[in-house]
Structures are given as structure tokens and as C-alpha cells.
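*Asks:* Positions in the sequence shown are counted from 1; adding 115 to them yields this note's numbering.
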Amino acid sequence: MKKKLLFILTYVCLLSLALLGAVILLFAPKEARPSDGENRMLAAFPALGARELRSGAFMDGFEDYLSDAFPARDKLTDLSRRVLGLFGERDEDYAAQEAIAKAESLAMEENMTAQEPPIAEEPPAEAAATPSPVPETPAPTVTPAPEEASEPEAETPAEAAAPEATAAPAAPAKKAERDAEFWLVRTDGSRNVQETYSAEALSTIAPVLDEYRACLPEDGKVLFVNVPVSTYYFNVLTSAYSDWDSDVDEVLQPLVGEGVYIYDAADILRPYLFTEDLYPAGDHHWHAIAAWHMARAMTEDLGYPVTEFYEWKYKLEYEFHGSPYTPEQLQNMTIERQNRRYPVPVTPVESYILRYMTQRSPSVYLESDRFKGYGIYLGGRWRPWRLFETGYHTGRTALIIGDSFYHAFLPYMTTCYDRIISTDLRNDMYNPVVSGGSIRQYIEEYEVDDVYFLMCTYTSLNGYVYQELMEKYLNTDYGAIYGRGEG
């Protein structure tokens, strides 16, 4: 009886799964579409052909499609994360969100108390009312300020406070005079605006970029770009459009100070729109060749030598377990748009996950068959910080702050820096508690020279990452609130 009941239950389960699969095949969307919760394109129904069947690409794509087309997927994914959060390290990751709320209130209290003395600056007010305090500061102390200010420790804060009080109103933050846009150009020359970034949002971003620049050495640079996703690229390739463009750089560049560079990804990639496969179909990310063009444009301005694209060897996604192709072989091949090229490291890069600023654990870099698709770059998404030691001896360190678009970009930067640290500030990726400190402290700890902001248009300039988290995580020391971690 028990065996018969087990057989019936098994049969019902298999029949239910078969029916569910049939429902998905009949009614689920066949085209790729964006997932707001995961900041990526959900898989489209894969192309079916002899080559795809032989290589296994169809079955891989079909598996991805079924997974992404599952009914109520977002709710089930969220439930899965919550359940996983009850076990092991995941508990720390997701429970941290509650801890962050407490950190916010504590940080606000600290800021309030820290601001009380400057706000109640009665001594300067008295000094303005009665001229006697001005002579109280002896003339010799003021004249050789750089030397004497460092000798008496009691005078340094007082002297530092006065310039700070007068300097703040002297250099007000610049305000954008207009909104900025990203648009597609129709064949008749008219614009079809896809994204609009408010003047207020851009005016918020600019001083934060200057704050990052102020954390760097004298020759340090901040480089900023927001990259279009694949949807716009494929729209341009249709008969309705002939180009894309943006004026974000024109509006934002005048608002920032020296050492901050704003790039226009549309301008950089435009020469290759119709000559190279810059994006794969069915995925919002970019191909390695597009990431390389961006890396070259940004680092050439700094005078750093970027290894040419075909000086790297590459593996192809469809033949990943085979030997890498030589540059000569690749340049003479016709490669399907969906068949990604993965660079083989030119140096023995060591990759680590960083926790609590200095705690390292080994991590995947490239060439891991545990991952597929875009996840091959850096092994996909890992939190909260990454460290890459490149084997080069340039004497410089870079910080890359981005979303998943930076994964294909980072390998091409490894020839320019001794080490690179990176992070993703989005809510589902960045864990300030486990980070164990502020971004400013990471910059100091790893002696960062240059900072790159590289995110795609799904991470909107109007959104919370740019408008809130960039500055908050730069300055808030969560390690002081929660501790630096053990070890």
C-alpha cells in the first residue's frame, strides 16, 4: 500500500511539473525582458538549430529560459533569499539590513552631536562683536601659518576652524542649469529620448564625485561613466534608428572640480555600432570588446598602457573547455553574437573576497567552469568587496565602484595597476556591516590612486545609488558601530 501511494504521489508530482512546463512554454514571454529586482535581462527562448544542439548551447539556454520564465519568480526568489538567510553566512548578510537601520539612527545621532559645536559658534560671533579677540591671535602666529600651526597643538583646531567657517560659503556647490538626456536618433534625424536625468539629480552627484577626488593623492583621478544596456544597442541596429547619443557629460563635467572626468559611453562606442558585436542578444550586459573600448578610452587619457584587445588570448563560451584561440584565429573567425569571448589572464592575477577591510578569502577570477554566461567574469556577483593583485609593478592602485557591468571591464585594467579593489553599492550587493568601514577608509587602507565609477543605465543617475549611497558609504564608518569583525 505504501509503495502504491508513493508511486501515485511521484506520478502526480511529475505530471504537475510537466503541466507547469507546458504552461510556461505556451504562455510565458519568449523574448528577453528586464527584471527590476535583479537588474538584468531575463533569458529569452534560445535559438534552435543543429549547431546549438551539438554545442549544448540550446539546452543551457533552455534551462535559463525555464528558470527565468517561472510563474511568480520574483516572489519565490525573495522567499528563497529569506529562507537562506536563516542559515550560515547568509544569515549575516540579510540580517544585516535590520542592523543597517540601527546604524542609520546612530550615525544621525553622532552627526547631530558632531555638528552642535560648529552650529553654536558663539566665540566667532563674539569675536565679530568685539575686536579684542582678533588681536588676541598674535601676528607672528598668523604669518608663518604652515610652520607654527603644526607646533602648538592647542592652536591648530582653532586656526583650522576659522578657515573652515569662512571657506564653506566661499565655494558653493555648482548647480546644473538643465536636465540631461540619453536618446536614440531616428533615421530622419529626430530624437527619441530614452532616459532623462534631472538637473537636481546631477547637481547632487557632482559634489560627491569631488568628495571622492579629495580622498586621493595629488595626481589621483576620478573617472565616471554610465553605460547603455543592450536594449538601446539593438534598437539602433533596427531600420528605425541610426545612432544614439547623450549629453550627460556636457551637463555634469562643468559641475565637478579638477581631477574628475565624465565620459560619454555613447560617443566612445559609436564608431563600432555597426562594425562589431558590442552586446549579446538576450542579455543586457556588454561583450568583452565593448568593455575593452571603454577601458582603453578611460586609461589612455591617464597615459596608462592598455594591452591591445587581440594581445589577449580568448576562450569562446560554446567551446569553453577547449584551448584558447590565438588572436590570428579569432580575427579570421565569424563568431555568433551570443558566443562570448573570455580573456585568458595575461598575468597570474590573485583574486580575493574582502570582508572587514582586511580579511581575505580566495575567490575566482576568470576561467572557472562553475559559472556560465556573463557570470564567468570574476565568477559573477560576490559581496561586499573584491581585491585583485595583478602581478604588475606600476606603483598604483585603483578602486572600481560599479554594478555587474564592471565585471567584463576589470580584467583589462589589470595591466595598469598593481592591485584593484572593487565593490557594488546596490542594496542586494553591498553589506556595510560586513564591509567593516567606510569607503574613505578603504581608500586609505589600500592607498587608492584612481577611482572608477562604471555602471549601466539600469543603475539610473536618478536612483538611490547615485543620490544617496555613494556619499553615505563614503563617509559612514560602520566598523566603528558594529566592530571590525574577528580575525
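Positions of the beta carbon are idealized from the N, C-alpha and C atoms, including for glycine.
Count the CB pairs spanning the segment 385-392 and the segment 323-335 that are closer than 8 Å, and state whether there are at least three.
*Replies:* no
*Asks:* Quick one, which of Tyr507, Leu525 and Ser476 has its alpha-carbon nearest leucine 514's?
*Replies:* As a first step, residue 514 is located in the sequence shown; it is residue number 399 there, counting from the start. Measuring from the Cα of leucine 514, the nearest candidate turns out to be Leu525.
*Asks:* For arginine 456, report the span of its beta strand (DSSP E) as first-last.
*Replies:* Working through the sequence shown from its first residue, we reach residue 456 at position 341. Run containing arginine 456: 456-458, per the beta strand (DSSP E) assignment.
*Asks:* Under 6 Å Cβ to Cβ from glycine 506, same chain only, skipping five residues before and after it: list those, please.
*Replies:* The residue you call residue 506 lines up with position 391 of the sequence shown. Answer for glycine 506: Thr462 and Pro463, listed in chain order.
*Asks:* Candidates Ile558, Thr449 and Asn577: which alpha carbon is nearest alanine 329's?
*Replies:* Counting from 1 along the sequence shown, the entry for residue 329 is found at position 214. Checked all of Ile558, Thr449 and Asn577; the closest Cα to alanine 329 is Ile558.
*Asks:* Look at the alpha carbon of tryptophan 359 and the alpha carbon of valine 351, and state the distance between them as a whole number of angstroms.
*Replies:* Numbered from 1 along the sequence shown, position 244 holds the residue referred to as residue 359. Numbered from 1 along the sequence shown, position 236 holds the residue referred to as residue 351. Cα-Cα distance, rounded: 7 Å.
*Asks:* Given a cut-off of 8 Å on the beta-carbon distance, is the pair serine 354 and aspartate 379 in contact?
*Replies:* Here residue 354 refers to the residue found at position 239 of the sequence shown. Here residue 379 refers to the residue found at position 264 of the sequence shown. Cβ atoms of serine 354 and aspartate 379: not closer than 8 Å.
*Asks:* For the segment 515-559, list the alpha helix (DSSP H) runs that are entirely contained and at least 4 residues long, ordered along the chain.
*Replies:* Segments of the alpha helix (DSSP H) lying fully in the segment 515-559: 521-524 and 547-550.
*Asks:* With tyrosine 440 and leucine 431 assumed to form a contact (beta carbons below 8 Å), what rounded beta-carbon distance in angstroms separates them?
*Replies:* If you number the sequence shown from 1, residue 440 lands on position 325. If you number the sequence shown from 1, residue 431 lands on position 316. Yes, they are in contact, since the Cβ atoms of tyrosine 440 and leucine 431 sit about 7 Å apart, within 8 Å.
*Asks:* Quick one: residues in its chain with C-beta nearer than 7 Å to the C-beta of tyrosine 348, no 5 flanking neighbours on either side, listed in chain order?
*Replies:* Taking the first residue of the sequence shown as 1, we reach residue 348 at position 233. Apart from sequence neighbours up to five positions away, the residues of its chain that approach tyrosine 348 with a beta-carbon distance below 7 Å are Leu393 and Tyr394, ordered along the chain.
*Asks:* Out of curiosity, what's the CA-to-CA distance linking tryptophan 427 and tyrosine 457?
*Replies:* What you label residue 427 is simply residue 312 of the sequence shown in a count that begins at 1. What you label residue 457 is simply residue 342 of the sequence shown in a count that begins at 1. Going by the C-alpha atoms only, they are around 9 Å apart.
*Asks:* Proline 322 lies in the alpha helix (DSSP H); which residues open and close that run?
*Replies:* In the sequence shown, counting from the first residue as 1, residue 322 sits at position 207. Per DSSP, proline 322 belongs to the alpha helix (DSSP H) from 314-329.
*Asks:* With C-beta atoms as the reference, is asparagine 577 less than 8 Å away from tyrosine 356?
*Replies:* Stepping through the sequence shown from its first residue, residue 577 is reached at position 462. Stepping through the sequence shown from its first residue, residue 356 is reached at position 241. No, the Cβ-Cβ distance between asparagine 577 and tyrosine 356 is not below 8 Å.
*Asks:* I'd like to know if threonine 509 contacts chain B, where contact means its C-beta is closer than 8 Å to some C-beta of that chain.
*Replies:* No chain B appears in the structure shown, which is made up of a single protein chain.
*Asks:* Just how far apart, CA to CA, sit leucine 540 and tyrosine 573?
*Replies:* Counting from 1 along the sequence shown, the entry for residue 540 is found at position 425. Counting from 1 along the sequence shown, the entry for residue 573 is found at position 458. Cα to Cα, leucine 540 sits roughly 14 Å from tyrosine 573.
*Asks:* Beta-carbon within less than 7 Å of tyrosine 387's beta-carbon, same chain only, minus the 5 sequence neighbours each way: which residues are those?
*Replies:* Numbered from 1 along the sequence shown, position 272 holds the residue referred to as residue 387. Excluding positions up to five away in sequence, the list reads Leu393 and His408.
*Asks:* DSSP three-state call for alanine 355: helix, strand or coil?
*Replies:* Within the sequence shown, residue 355 is the residue found at index 240, counting from 1. Coil.
*Asks:* Relative to the C-alpha of phenylalanine 297, which candidate in Lys289, Val366, Ser318 and Thr449 has its C-alpha closest?
*Replies:* Counting from 1 along the sequence shown, the entry for residue 297 is found at position 182. Considering only alpha carbons, the answer is Val366.
*Asks:* Which residues does DSSP pair with aspartate 360 in a beta bridge?
*Replies:* As a first step, residue 360 is located in the sequence shown; it is residue number 245 there, counting from the start. Aspartate 360 is bridged to Trp298.
*Asks:* Just reading off the beta strand (DSSP E) that asparagine 341 is part of, what are its end residues?
*Replies:* Residue numbering aside, residue 341 sits at position 226 when the sequence shown is read from its first letter. It spans 336-342 - the beta strand (DSSP E) in which asparagine 341 sits, taken as one unbroken run.
*Asks:* With burial defined as no fewer than 16 other Cβ atoms inside 10 Å of the residue's Cβ, what is the status of glutamine 444: buried or exposed?
*Replies:* Your numbering for residue 444 matches position 329 in the sequence shown. By the neighbour-count rule (16 or more Cβ atoms within 10 Å), glutamine 444 is not buried but exposed.
*Asks:* Using a Cβ-Cβ cut-off of 7 Å (strictly less than) and excluding sequence neighbours within five positions of glutamate 266, which residues of its own chain qualify?
*Replies:* Taking the sequence shown and counting its residues from 1, one reaches residue 266 at position 151. Because glutamate 266 sits at a pLDDT of 36, beneath the cut-off of 50, its placement in the model cannot be relied upon, and the following sentence gives the value as read from the coordinates. Contacts found: none.
*Asks:* Can you tell me where the beta strand (DSSP E) holding glutamate 562 begins and where it ends?
*Replies:* Numbered from its first residue, the sequence shown carries residue 562 at position 447. Note, glutamate 562: premise wrong, no beta strand (DSSP E); not H, not E.
*Asks:* Using a threshold of 8 Å, state whether the C-beta atoms of aspartate 564 and proline 332 are closer than that.
*Replies:* As a position in the sequence shown, residue 564 is number 449, starting the count at 1. As a position in the sequence shown, residue 332 is number 217, starting the count at 1. Their beta carbons are under 8 Å apart, which means aspartate 564 touches proline 332 by this criterion.
*Asks:* According to the Cβ coordinates, are serine 438 and tryptophan 500 closer than 8 Å?
*Replies:* By one-based count along the sequence shown, residue 438 stands at place 323. By one-based count along the sequence shown, residue 500 stands at place 385. Cβ distance not < 8 Å, so serine 438 and tryptophan 500 don't count as in contact.
*Asks:* Would you kindly work out how many angstroms separate the C-alpha atoms of isoleucine 468 and tryptophan 497, rounded to a whole number?
*Replies:* Numbered from 1 along the sequence shown, position 353 holds the residue referred to as residue 468. Numbered from 1 along the sequence shown, position 382 holds the residue referred to as residue 497. Their Cα atoms are separated by approximately 7 Å.
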